[in-house]
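Written below as structure tokens is the structure these notes are about.
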Amino acid sequence: MRAVDRLHPWRLRLRSLFRRDQFGQEIDDELREHLEAQIAENVEAGMPGVQARAEAMRAMGGITQIKEQCVEAHGVHAMEELGEDLRYGFRQLRRNPGFSALAILCLILGIGANACVFSWLEGVLFRPYPMVTHQERLVAVAGTSRGESGATEISWPDFEALRQSCTQCEDVFVSKITSSTLNIGARAERTVGSIVSANYFDAIGVRPALGRGFESSEDVGSNAHPVVVISDQLWRRRFHADPNIIGKVQRLNNVPHTIIGVAPEGFYGTFVGWAMQFWVPVSMEETFESGGYKLEDRGARWIEAYARLKPGVTRAQAQEQIAAIATRLERDYPATNRGRGLRLWPLWQTPFNNAGTLLPTLEIMIVVVAFVLLIACANVANLLLVRSVGRRQEMTVRLALGASRARLLKQLLTEGLILSAIGAGGGLAVAYFCRHALALLLPARGGVTMYLPGEIDWRVMVLNAGLCLLVTLLVGLVPAFETRDLQIAGALRSESPSVVGTRRKAWMRSGMVVLQVCLSFILLVGAALLFQSLRKIRSTSPGFSTTSVVQTSVSLVAAGYDVPRARDFQDNLMDRVRTMPGVEAAAFARVTPLGYGSYSSTPVAVDGYEVPLEDQPTVEYNQVSPDYFATLGIGLLYGREFTRNDNENAPMVAIVNRTMARRYWRGEDPVGRRLKVNGHWAVVVGVAADSKYESMREDPRPFFYVPLRQDFARAPALYLRTTQPVQAAADALLEQVHALDANVGLYEVITLQEQVNRATSPQLVAVTLVSLLGGLAVILAGIGLYGVISYSVAQSRRELGLRMALGADGARLLRMVIGRGLRLTAGGILVGAAVGFVLTRLLGNLLFSVSPHDPVAFGAALGIMTIITVAACLAPAWRATRVDPTQVLRS
Amino acid sequence: MSKPSELVQGTLDMLLLKILALEPLNGWAISLRLKQISGDVLGVSVGSLYPALHKLEQMGWIRGEWRSSGNNRRARYYSLTRLGHRQLEKEAAEWNRLSDAISAIVNLREA
Chain A
1 MRAVDRLHPW RLRLRSLFRR DQFGQEIDDE LREHLEAQIA ENVEAGMPGV QARAEAMRAM
61 GGITQIKEQC VEAHGVHAME ELGEDLRYGF RQLRRNPGFS ALAILCLILG IGANACVFSW
121 LEGVLFRPYP MVTHQERLVA VAGTSRGESG ATEISWPDFE ALRQSCTQCE DVFVSKITSS
181 TLNIGARAER TVGSIVSANY FDAIGVRPAL GRGFESSEDV GSNAHPVVVI SDQLWRRRFH
241 ADPNIIGKVQ RLNNVPHTII GVAPEGFYGT FVGWAMQFWV PVSMEETFES GGYKLEDRGA
301 RWIEAYARLK PGVTRAQAQE QIAAIATRLE RDYPATNRGR GLRLWPLWQT PFNNAGTLLP
361 TLEIMIVVVA FVLLIACANV ANLLLVRSVG RRQEMTVRLA LGASRARLLK QLLTEGLILS
421 AIGAGGGLAV AYFCRHALAL LLPARGGVTM YLPGEIDWRV MVLNAGLCLL VTLLVGLVPA
481 FETRDLQIAG ALRSESPSVV GTRRKAWMRS GMVVLQVCLS FILLVGAALL FQSLRKIRST
541 SPGFSTTSVV QTSVSLVAAG YDVPRARDFQ DNLMDRVRTM PGVEAAAFAR VTPLGYGSYS
601 STPVAVDGYE VPLEDQPTVE YNQVSPDYFA TLGIGLLYGR EFTRNDNENA PMVAIVNRTM
661 ARRYWRGEDP VGRRLKVNGH WAVVVGVAAD SKYESMREDP RPFFYVPLRQ DFARAPALYL
721 RTTQPVQAAA DALLEQVHAL DANVGLYEVI TLQEQVNRAT SPQLVAVTLV SLLGGLAVIL
781 AGIGLYGVIS YSVAQSRREL GLRMALGADG ARLLRMVIGR GLRLTAGGIL VGAAVGFVLT
841 RLLGNLLFSV SPHDPVAFGA ALGIMTIITV AACLAPAWRA TRVDPTQVLR S
Chain B
1001 MSKPSELVQG TLDMLLLKIL ALEPLNGWAI SLRLKQISGD VLGVSVGSLY PALHKLEQMG
1061 WIRGEWRSSG NNRRARYYSL TRLGHRQLEK EAAEWNRLSD AISAIVNLRE A
């Protein structure tokens, strides 16, 4: 009832606006009723008919006027005016189709770039997981290791402790990316999925469309619950949307799993970067992870987790409690948890998926697209300014006819609104088409393309609408500023541009161009810096050979091998691989340098320098097979490689890198000395050169290697140093693998160069995006410059003609016009260089061994800007030389 | 017929609400009732009555609907809405406060 009361006035107002005739008719009827009643009364009082009517009409007064007042009482005029302005604005746009198209195109590009980046921010960083409820309270949970800045995984027992003790969290759940070979009929393919805790689907508020989620008992046991929930895409694509799918059996990594559920359409799991295709409970971890049964091992860190905070709890509060839990664990289990902490991260900084890697790039993009939008607005404002000169007469006439200045302002803003609304609509369309573009910039891995969709939800829409209003003000107020001093008397005389007026308008237009040049110069500098950085990062040696070494992975976990069989298989495969044509060396290693997996780490102590466990530094290490250093081309400075004799029965040995040798043995030859690894002494048998381990940007750091046989893994990476091209090597390798066991599959075979490229792909994304938008900005600025120079040439035809008549030749005029453009640009570049000098520091950690003030980058930007200026001025300058002096001077 | 003064315009709204609070009426009946109540003191013309009614309707305080007015004729009858009742209470309270204050001043002067 109350809502109806409130809506009623709007219904009335709309009715009075859109059903004008009926509305007017009703007021007429009402007033006529009154008149008739008055006449009837007059007649009753004894007046004759004619007099009664005349008297009644006199008493009533002007019916039209009363009607008009009644209509006005409904507030119709304001809306009618808006309608008029809109109609008029559209007519103006139609009348200058070239102008309109250019202005709208500029705005679509400007607003579209913004909407696109907003949708990426929303879809990748802020609400990355469609269908998951209350993502604003979701945080990522990762471990920390004292003395290291990065995040680590968490062990299952620690996770259980967290789940039980965290009262600030509504839910804590595991979601660890994994992959599996999926065989359906004759086709085999790799898919990505998640290992999740049993509370997963309840915690994220997603109900399977078919079947059920997991039950809490399915968290427990070793390979105890081979059940799987599959994605909607997998269900449709590979199982033809079979409605009776529940209860069927599908082999994952060669283990039969019962399909217990199908996730709803539009749910892609909880990992930024890939669309998950299946979910298995943590009790199946051994089937998908190397390293054996880990659910009771507090030292085995492999879990990636999320927590949903209770309503009203801040991340800082929850972090405090979680830190206390970690401290307690550290006290209770010093052997495994010493120096280990737990940390909550906002979703957009999630350390274990692509959110964290894309964050710096997307942050920069916010600034970049804001610049592009400003440049586009400056272009449109300039176009409107030029047009407003043509409309001075019109505006003056309207003022003279009694329009108020506020009314004119409203008219101009309405025209701006039309432009920006079309721009915003087009911009949304651009964002819609570009929402998957982010994934295109990143390479597919393991044959699975990335999935990084932008999200266009109401928040993006609201931001877009906000931009639209902002643009309206920016582009609408500039011409309004122009009309603020219109003088009726002066302007009604014939329109001849007065000198002063022209100069001020020219000043304003030039100001716009300077702004554009300044902004696009900064973008160019940014793009050049990022490009320099990418070049440096890709040409820096990672410390191992990148060419002629190919890398893949042989997962014996997936094929269901136990440890003894896996050892035999690896030995046999190595023997066969060595005989392959073109293969010079081959080796296994548990973790691939620059890959996604994380290294083992341990507190270390050395002979003669033993400190209490609490003070021991933690060092990361890798498990590698014999010939690893020869295969990857990492130099051995002292000692020897591991051999087949360094097996599980032999004394433990280790090879340290150069930095570690320097730091722990102070430059003495460490060969023959002892190193304590995980509480056991190992003899150092060699010193290897430093290389890059996790990132191309890291500084040299202590690192060591142990023999794979003494710390075994069933799913190691395999490296071949070969003279064959990568595809031939892959085919030959697969043949050898299948000769041993046809059930064992190979992961993607890539060169180490490709591995380096993938590790640096965030830099590539940054370069590509900033260059694209920088290019767009420069083109927009070029258009702006062209517009201003063209206009000034057209305005100064008389002057040009005079100069020609006085003997200036074409070349001179050409120089003059281009010089005018260059002077404008120079102003913009100077300001841009000054501002850029400060702003490029924002690029901070995206830059790799490039100073934010790199003179080469500034020089390159200067060069490009100059070329664009000359290009933009050429056509108007050529037109200037074509001025016919006799004609101009006569007119 | 001159337009009623500002004060009268304000009180007109309240008078109309009060009249319609008693029973739904059409414009003609309202004008009769006004004349009846105030005689010529307020002198409300047709030219201010109807715009005032439409303004009240736009505010959501009254609602107009076409009804039969006897002898085969139809007229627009206005009735008070729930919002209108609340508004009337507010304006009446305001009016009482004001008139109390004024009469207090007047009495003071006489004493």
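So the sequences go chain by chain: A and B.
For what it's worth, this note's numbering labels the leading residue of the first sequence as 1, then goes sequentially.
For what it's worth, this note's numbering labels the leading residue of the second sequence as 1001, then goes sequentially.
Think of the CB as a built atom: it goes at the ideal place given N, C-alpha and C, for glycine as much as any other residue.
By the 16-neighbour rule on beta-carbons within 10 angstroms, glutamine 22 of chain A is exposed.
For alanine 209 of chain A, the CB contacts under 6 Å within the same chain, skipping 5 residues up- and downstream, are Val262 and Pro264 in chain order. In terms of Cβ geometry, valine 793 of chain A and arginine 879 of chain A form a close pair [threshold 9 Å]. Measuring C-alpha to C-alpha distances from serine 548 of chain A to each of A:Arg798, A:Tyr719, A:Thr723 and A:Ile779 identifies A:Thr723 as the nearest. By the rule that beta-carbons nearer than 9 Å mark a contact, glutamate 1057 of chain B touches chain A. Here proline 281 of chain A is buried. Its C-beta has 16 or more other C-beta atoms within 10 Å. Residues are counted here when their Cβ sits less than 9 Å from a Cβ of chain A; for the stretch 1045-1076 of chain B these are Ser1045, Val1046, Gly1047, Ser1048, Leu1049, Tyr1050, Pro1051, Ala1052, Leu1053, His1054, Lys1055, Leu1056, Glu1057, Gln1058, Met1059, Gly1060, Arg1063, Gly1064, Trp1066, Ser1069, Arg1073, Arg1074, Ala1075 and Arg1076, given in chain order. Look at arginine 644 of chain A here: in three-state DSSP terms it is coil, with no helix or strand label. Inclusion of alanine 480 of chain A and leucine 408 of chain A in the CB contact set at 9 Å is warranted, their separation being smaller than that value.
Taking CB atoms only, serine 1099 of chain B has no neighbour in chain A less than 9 Å away.
Using beta-carbon distances, histidine 74 of chain A counts as an interface residue toward chain B, with a partner under 9 Å. Under DSSP, glutamine 168 of chain A takes part in no beta bridge, so it has no partner.
Between serine 145 of chain A and glycine 427 of chain A, the C-beta gap is not smaller than 9 Å, which leaves the two residues out of contact. Around the CB of proline 707 of chain A, 16 or more other CB atoms lie within 10 Å, so the residue is classed as buried. Using a CB distance cut-off of 9 Å, valine 43 of chain A does not count as an interface residue toward chain B.
Taken in chain order, the whole alpha helix (DSSP H) runs of length 4 or more contained in the stretch 97-144 of chain A are 97-120. Counted as a single uninterrupted DSSP element, the beta strand (DSSP E) harbouring arginine 251 of chain A occupies residues 249-252. The shortest C-alpha to C-alpha distance from glycine 511 of chain A to any of A:Ala381, A:Glu55 and A:Glu799 is the one to A:Ala381. Within the same chain, Ala586 come within 7 Å of arginine 578 of chain A by CB-CB distance, once the 5 residues on both sides are set aside. At a cut-off of 9 Å between beta-carbon atoms, valine 71 of chain A makes contact with chain B.
At a beta-carbon threshold of 7 Å, none of the residues of chain A lie near tryptophan 1095 of chain B; the nearest stands roughly 22 Å away. Taken in chain order, the whole alpha helix (DSSP H) runs of length 4 or more contained in the stretch 548-632 of chain A are 563-578 and 628-632. Interface annotation, methionine 60 of chain A: in contact with chain B, CB-CB separation under 9 Å. In the DSSP assignment, alanine 682 of chain A is bridged to A:Leu675.
A Cβ-Cβ distance of about 7 Å is found for the pair alanine 871 of chain A and glycine 782 of chain A, placing them in contact under the 8 Å criterion. Taking a C-beta distance under 9 Å as the contact criterion, leucine 733 of chain A and valine 744 of chain A do not qualify as a contact pair. Using a Cβ distance threshold of 9 Å, tyrosine 306 of chain A and serine 175 of chain A count as a contacting pair. Near chain B, meaning a CB-to-CB distance below 7 Å, the residues of the stretch 22-56 of chain A are Glu30, Leu31, Glu33, His34 and Ala37.
When DSSP states are grouped into helix, strand and coil, glutamate 72 of chain A belongs to the helix group. Pairing glycine 416 of chain A with leucine 463 of chain A gives a Cβ-Cβ distance that is not under 9 Å. In this structure glutamine 623 of chain A touches aspartate 711 of chain A by the C-beta definition: roughly 5 Å separates them, less than 8 Å. Per DSSP, leucine 636 of chain A lies in no alpha helix (DSSP H) segment; the continuous beta strand (DSSP E) that holds it begins and ends at 636-639.
Tyrosine 596 of chain A sits exposed, since fewer than 16 C-beta atoms from the chains shown fall within 10 Å of its C-beta. The beta carbon of glutamine 65 of chain A sits closer than 9 Å to some beta carbon of chain B. The shortest CA-to-CA distance from leucine 846 of chain A to any of A:Val856, A:Phe531 and A:Leu573 is the one to A:Phe531. Contacts with chain A at 9 Å (Cβ-Cβ) do not include asparagine 1107 of chain B.
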